[in-house]
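Take 2 as the starting number for the sequence shown in the working numbering and just add one per residue. Comments concern the structure below.
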Amino acid sequence: MADTGTKLNLSSSARRTALLGAMFLMATSAIGPGFITQTTVFTAQIGAAFAFAILASIVIDIAVQMNVWRVIGVSGLRAQELGNRVIPGVGWFLAGLVFLGGIVFNIGNIAGTGLGANAMLGVDPKIGGGVSAVVAILIFLSKRAGLALDRIVVLLGAVMILLMIYVAIVAAPPVGEALKNTFLPETVDFLIITTLVGGTVGGYITYAGAHRMLDSGATGIEHVKEITRSSVLGIMVTGLMRVLLFLAILGVVAGGTVLSSNNMAAEAFGAAAGEIGIRMFGIVLWAAAITSVIGAAFTSVSFITSSKTPERKRNLITVVFIAGCAVAYLLLGQPPQQLLIFAGAFNGLILPVGFGVLLWVAWRRRDLMHGYVYPKWLLIVGVLTWLLTLFLGWNSVMGLAKLWS
2 MADTGTKLNL
12 SSSARRTALL
22 GAMFLMATSA
32 IGPGFITQTT
42 VFTAQIGAAF
52 AFAILASIVI
62 DIAVQMNVWR
72 VIGVSGLRAQ
82 ELGNRVIPGV
92 GWFLAGLVFL
102 GGIVFNIGNI
112 AGTGLGANAM
122 LGVDPKIGGG
132 VSAVVAILIF
142 LSKRAGLALD
152 RIVVLLGAVM
162 ILLMIYVAIV
172 AAPPVGEALK
182 NTFLPETVDF
192 LIITTLVGGT
202 VGGYITYAGA
212 HRMLDSGATG
222 IEHVKEITRS
232 SVLGIMVTGL
242 MRVLLFLAIL
252 GVVAGGTVLS
262 SNNMAAEAFG
272 AAAGEIGIRM
282 FGIVLWAAAI
292 TSVIGAAFTS
302 VSFITSSKTP
312 ERKRNLITVV
322 FIAGCAVAYL
332 LLGQPPQQLL
342 IFAGAFNGLI
352 LPVGFGVLLW
362 VAWRRRDLMH
372 GYVYPKWLLI
382 VGVLTWLLTL
392 FLGWNSVMGL
402 AKLWS
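Right, dumping it as structure tokens:
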């Protein structure tokens, strides 16, 4: 039990920086190339009605992350460590799912950095992807890797938000129509809602911020308020980015532009702001992809190491993880479609398995929570959300079965 009480001796300012980094790591891990593609395609499909899907997904995401951050934060243990304390082997099963899914998705994330560099600077996507992987590796090789990680994800997250604010304003979207559809939607598509939820709290993303929070030392009952605030703000950052991107695309679509290319997001940015819009799209895509590379690598490795693993060793394993994904990208160009579908199915399994373990700890394992009395309202909200994740997980398994039948 020595790992449960380990606290880092960080100053208050360093702890705040680490918590801010954890919050943005969760948010920017969710804001990847798939996030941008999904938002663009769905906005083009159902227009202003997409606002309701965004609201629903944000509410569900908050319910998940508040529970995940609080259980991990109060216990001071990682998700796989809690899993093994509840049922021996469950934690390793969860770790295997996260790690395998992380490998495949990180190949896609590196591909996203290549496409972003191409749109931003006109360089060959493979060169852009390879150089971006080196940038991510250098972060984890630095002597103060944790501080570098925190500052970079916060900086890139802020850059993405500022650029999206500009494009959203230039696109002049029908804000009134979007606001109306937020609460009185013309169309409700539950498949879109489930896709958004899986993309923002599925797979490794669920644990990215919470596991980084453990490194900040802000754990235990005395930090509950900080933990709760950081988890909600992280989701709100993700939601803000989604809303801004939605408004930018909505303004283009409402203006009569038909998005029909293979890269609808780039087409929309170009329609909204011309050539500079294309360059801005490249910056946003690159920033979204590189932060997802960092988040996927950090979180995947956190599942195959423990709180007792020296930071230097953990960083070196992360470097190997990124390098391996980069080599795979350079050899494959893009991850094979069937592998991505498999990874998507893993995501569908990870959420109900891992989330279920954490809710059980909150309900029945007060010993792991250091005597903390878990709020009943939060537990009820968590259980209702967990039932929804079971439905999502079942859909993932059925989709995979149909693919291979």
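Note that beta-carbon positions come from the ideal geometry of N, C-alpha and C, so glycine has one too. Since we're looking at a predicted model, the values are computed, not measured.
Counting along the chain, phenylalanine 304 sits inside no alpha helix (DSSP H), nor does DSSP assign it H or E at all.
Here the alpha carbons of glycine 256 and histidine 212 stand approximately 43 angstroms from one another.
For the alpha helix (DSSP H) assignment, the uninterrupted runs of no fewer than 4 residues enclosed by the stretch 164 to 192 are, from N- to C-terminal side, 176 to 184.
A straight line joining the alpha-carbon of leucine 248 with that of alanine 327 spans about 33 angstroms. CA-to-CA, the gap between threonine 40 and arginine 243 works out to about 7 angstroms. Ranked by Cα distance from valine 69, the first of Ser261, Arg313, Val253, Val233 is Val233.
Between isoleucine 108 and alanine 329, the CB-CB gap stays under 8 angstroms. In the DSSP assignment, isoleucine 323 falls within the alpha helix (DSSP H) that extends over 312 to 333. Residue environment for tryptophan 378: exposed (fewer than 16 other C-beta atoms within 10 angstroms of its C-beta).
Secondary structure at leucine 251: helix, using DSSP grouped into helix, strand and coil. Between the alpha carbons of glycine 123 and leucine 333 lies a gap of roughly 21 angstroms.
Per DSSP, reduced to three states, the secondary structure at proline 34 is helical. In the three-state DSSP reduction, valine 124 falls in the coil class, being neither helix nor strand. With 16 or more neighbouring CB atoms inside 10 Å of its own CB, tryptophan 387 falls in the buried class. A direct Cα-to-Cα measurement between glycine 177 and phenylalanine 184 gives close to 12 angstroms. The same chain holds no residue with a CB closer than 6 angstroms to that of lysine 144 once the five nearest residues on each side in sequence are set aside. In this structure, Met27 is the residue among Ile305, Gly92, Gly48, Met27 with its C-alpha nearest to the C-alpha of isoleucine 63. Look at the beta carbons and you see the stretch 148 to 157 not touching the stretch 168 to 175: under three pairs across the two are nearer than 8 angstroms. One alpha carbon belongs to isoleucine 61, the other to leucine 391, and they sit about 14 angstroms apart. Unbroken alpha helix (DSSP H) runs of no fewer than 4 residues, entirely contained in the stretch 53 to 135, are found at 80 to 87, 91 to 122, following chain order.
If you compare the alpha carbons of Asp368, Leu352, Arg16 with that of tryptophan 395, the shortest gap goes to Leu352. DSSP places lysine 377 within a helical segment (H, G or I) once states are collapsed to three. As for any alpha helix (DSSP H) of minimum length 4 sitting wholly inside the stretch 184 to 242, the runs are 191 to 202, 206 to 217, ordered along the chain. Put simply, the stretch 193 to 210 touches the stretch 98 to 116. At least three CB pairs are less than 8 angstroms apart. About 6 angstroms separates the beta carbon of methionine 24 from that of glycine 210, a gap short enough to meet the 8 angstroms contact definition. For serine 308, the closest of Thr220, Ser261, Thr239, Phe282 by C-alpha to C-alpha distance is Thr220. In the same chain as glycine 84, and ignoring 5 residues on each side of it, the C-beta atoms closer than 6 angstroms to its own belong to Val91, Gly92, Leu95, Val358, in chain order.
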